[in-house]
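*Asks:* First the structure, which I've put down as structure tokens, then a few questions once you've had a look.
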Amino acid sequence: MMNEIISRLIDKVQQHAYLGKSVEFYPGYSVFTASTTNCPVTVLYQPMLCLVLQGSKEVIVGEHQFQYKPGDYFINSVELPIATRIIESDANHPYMSISIQLDPDKLAQIMTETVISHRKVMNDECFLLSRADENLLEPLSRMLDLFKSEQDVAFLAPMVDREILYRLLKGEQSSVLRQISGNDFRVNKVREVINWVKDNFSKAISIQDLIEQAGMSQASLHRHFRTATGMTPLQYQKTLRLQEARKLLLEGKEVSETAYDVGYESPSQFSREYARMYGRSPSQDAKRLNDLGASIQDISNAPW
């Protein structure tokens, strides 16, 4: 039954999709297809769900590595710097996915209107790989069907959207979704630290700065932040620095200038850490990206 529903979804996605492009077919809902695999892209994932329908994809969050195949989906409740790549796709069986941007207000409203029992996610992680079931796939299929009629979209799509979020809140990922709605104190504190690190990523950040921002002890902050994001606050900052550096290099900045701009005091340390993340030195990576004709959008957005 599951394979049958996924096959139907693939047929419907093909009616909306353009190879290599993300197509939003309803606010917050997008489809993506690609006929080739790709190199890892490092991006900052907003709270979202990504469901793979065909092909497969790899996601790395800190020290956690996930590979998901048709019927699997990844969900995250805080902004996560991740590395991701399509690892299985070809012209006959292109990679295909549906993504949903998760709206905290919609989730909070559904939670106030219903009483939903939920399973506890071990260690309060803010990301999860899960297996879709018929309760999720069926309303997704109906959502795609609505676009045969503008009148149906206007009247029915908001209802189906609510049904999809309701089904997610009833699933094993319920605790992750509840974090998005803002009712988890510890996750809210982690989110505050994330926002502060994003605003100050190019500055020298001390542990004391983070403790004051979070209002937690050092041990508690480290434990909750690492559990939520898969990395420490300073690792999170380093990832943001290197993501920004890659954009600057693609724009033509010199390696040493880029290193200082994103907060490094030593260009040699910057080059070492850059090579560890991207597999090439800064200059080699910039040359490869330019040879491929890559744009800033290509390296900073992974709509799949």
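Each residue of the sequence shown is one higher than the last, beginning at 1 in UniProt numbering. Here a beta-carbon is modelled for each residue, glycine too, at the ideal position from N, C-alpha and C.
With distances taken between CB atoms, is the gap from P282 to V255 smaller than 8 Å?
*Replies:* Cβ atoms of P282 and V255: closer than 8 Å.
*Asks:* Flag this pair as touching only if the segment 94-112 and the segment 174-192 have three or more C-beta atom pairs under 8 Å; answer yes or no.
*Replies:* Contact between the segment 94-112 and the segment 174-192 is present, because at least three Cβ pairs lie under 8 Å.
*Asks:* Could you name the residues of the same chain whose beta carbon sits closer than 7 Å to that of F225, not counting the 5 residues immediately before and after it, in chain order?
*Replies:* Excluding residues within five positions, the ones whose Cβ falls inside 7 Å are V190, V193, T232, P233.
*Asks:* For L146, which residues of its own chain have a beta-carbon under 6 Å away from its beta-carbon, when the five flanking residues on both sides are left out?
*Replies:* So the list reads D152, V153, L156, A157, once near-sequence residues are dropped.
*Asks:* What residue does the alpha helix (DSSP H) around R280 start on, and which one ends it?
*Replies:* Premise fails: R280 is in no alpha helix (DSSP H) and is neither H nor E.
*Asks:* In chain order, which beta strand (DSSP E) runs of at least 3 residues are fully inside the segment 74-125?
*Replies:* With a minimum length of 3 residues, the continuous beta strand (DSSP E) runs that stay inside the segment 74-125 are 80-88, 95-101.
*Asks:* Tell me whether M96 is buried or exposed, calling it buried when 16 or more other Cβ atoms sit within 10 Å of its Cβ.
*Replies:* So M96 counts as buried.
*Asks:* For I100, which option in E125, V23, Q67 has the closest C-alpha, if you only look at C-alpha atoms?
*Replies:* For the residues E125, V23, Q67, the minimum Cα distance to I100 belongs to V23.
*Asks:* Do you know how far the Cα of W196 is from the Cα of Y236?
*Replies:* Distance between the alpha carbons of Y236 and W196 is about 11 Å.
*Asks:* Exposed or buried, N3, counting other C-beta atoms within 10 Å across all chains shown (16 or more means buried)?
*Replies:* Counting Cβ neighbours within 10 Å, N3 comes out exposed, since fewer than 16 surround it.
*Asks:* Does DSSP classify T232 as helix, strand or coil?
*Replies:* DSSP places T232 in coil when its eight states are reduced to three.
*Asks:* Quick one: any contact between the segment 289-304 and the segment 37-55, if contact means 3 or more CB pairs under 8 Å?
*Replies:* Result yes; three or more Cβ-Cβ pairs closer than 8 Å.
*Asks:* Give me the Cα-Cα distance between L260 and L292, rounded to the nearest whole angstrom.
*Replies:* For the sequence presented, residue 260 should be read as Tyr rather than Leu. Answer to the nearest angstrom: the Cα atoms are 26 Å apart.
*Asks:* Shortest alpha-carbon distance to K238 belongs to which of Q208, H93, Y274?
*Replies:* When each option's Cα is compared against that of K238, the closest is Y274.
*Asks:* Need the endpoints of the alpha helix (DSSP H) that A154 sits in, please.
*Replies:* Here the alpha helix (DSSP H) through A154 covers 150-170.
*Asks:* Assuming Q46 is part of the beta strand (DSSP E), what are its boundary residues?
*Replies:* Per DSSP, Q46 belongs to no beta strand (DSSP E) and is neither H nor E.
*Asks:* Residue range of the beta strand (DSSP E) that K57 falls in?
*Replies:* It spans 56-61 - the beta strand (DSSP E) in which K57 sits, taken as one unbroken run.
*Asks:* Is the Cβ-Cβ distance between T84 and K106 less than 8 Å?
*Replies:* No; because the gap between Cβ atoms is not below 8 Å, this pair is not in contact.
*Asks:* Where does F185 land, buried or exposed, given buried means 16+ other C-beta within 10 angstroms?
*Replies:* Its Cβ having fewer than 16 others within 10 Å, F185 is exposed.
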